[in-house]
Amino acid sequence: MPGFSDIETARLRLAPLVPADAEALRQVTNDPGIIDAISFLRYPFTLMDAQTLIARNQNDCDLFRGIWRRRDNVLVGVIGAHSRSSGGIEIGYWIGTRFQRQGFAYEAAHGIVEWFRRASPEAQIIAECRVENRASWRVLERLGFRPTGALGTRPGRVELALPPLF
């Protein structure tokens, strides 16, 4: 999977998480509402958990990037991309509870999708979502994702994909 450093959108900067970001990551993630939606996170989300997640950026299969609000450099969430064995790229994200309903999920996901479409136009971009997670489902639909008819790899999830560019 190609790596990227910073992606800028109108209000956000998607940038690599580094060890110095661990406390900010812990704060934005340590919320039962976030943890319940992300299968690989646990509550409480500790500083060590944040450091471990940041270290996963070194494995060439996972890219976790902070979603930073540009006007004040506050971490509002996380966006990730993961190589799938099928050759596709899976995206996922979470937005801290106090930053939800401000359009940050759509803006960040749009930024990463556009970046991947330029960098790897042949790659299939997919996402997994619980049907009952209406907010995330709407973000994905607005980006053009459609259900594939397949179950996700994580319990209770449905796979969605973007149609190919060509």
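Position one of the sequence shown corresponds to residue 252 (my numbering), numbered consecutively onward.
Each residue gets a CB set at the ideal place from its N, CA and C atoms; glycine is no exception.
Treat the numbers as computed from the prediction; the structure is a model and nothing was measured.
Taking C-alpha atoms, which residue in the options lies nearest to residue i?
i	options	result
residue 327	386, 393, 264 and 396	264
residue 333	406, 357 and 364	364
residue 335	271, 360, 377 and 321	377
residue 350	325, 385, 362 and 372	325
residue 372	379, 382, 339 and 410	339
residue 407	396, 379 and 390	379
residue 261	369, 362, 386 and 414	362
residue 396	384, 409 and 414	414
residue 354	367, 375 and 320	320
residue 368	383, 341, 345 and 352	341
residue 347	405, 282 and 313	282
residue 316	360, 392 and 405	360
residue 356	370, 394, 307 and 286	394
Buried or exposed, going by whether 16 or more other CB atoms sit within 10 Å of the CB of residue i?
i	result
residue 291	exposed
residue 298	exposed
residue 331	buried
residue 337	exposed
residue 411	buried
residue 390	buried
residue 300	buried
residue 279	buried
residue 257	exposed
residue 272	buried
residue 400	exposed
Pull up the CB-CB distance for residue i and residue j, whole angstroms please, since I reckon it's below 8 Å.
i	j	result
residue 268	residue 305	5 Å
Beta-carbon within less than 6 Å of residue i's beta-carbon, same chain only, minus the 5 sequence neighbours each way: which residues are those?
i	result
residue 388	380
residue 398	409 and 411
Return no unless some Cβ of chain B is closer than 8 Å to the Cβ of residue i.
i	result
residue 356	No chain B is part of this structure, which consists of one protein chain only.
Taking 7 Å as the cut-off, is the CB of residue i close to at least one heavy atom of the ligand GDP?
i	result
residue 293	The ligand GDP is absent from the structure shown, which contains no ligand whatsoever.
Leaving out five residues before and five after residue i in sequence, what residues of the same chain have Cβ atoms less than 8 Å from its Cβ?
i	result
residue 402	408, 409 and 410
residue 382	388 and 409
residue 288	345, 381, 384 and 387
For residue i, which residues of its own chain have a beta-carbon under 7 Å away from its beta-carbon, when the five flanking residues on both sides are left out?
i	result
residue 284	348
residue 270	302 and 305
task = Output the residue ranges of the beta strand (DSSP E) runs that lie fully inside the stretch 312-350 and measure 3 residues or longer, sorted by chain position.
result = 313-320, 325-334 and 340-346
task = Taking only runs that begin and end inside the stretch 370-405, name each unbroken alpha helix (DSSP H) of 4 or more residues, in chain order.
result = Runs found: 385-394.
message = For a minimum of 3 consecutive residues, which ranges assigned as the beta strand (DSSP E) are wholly contained in the stretch 254-306?
response = 263-267
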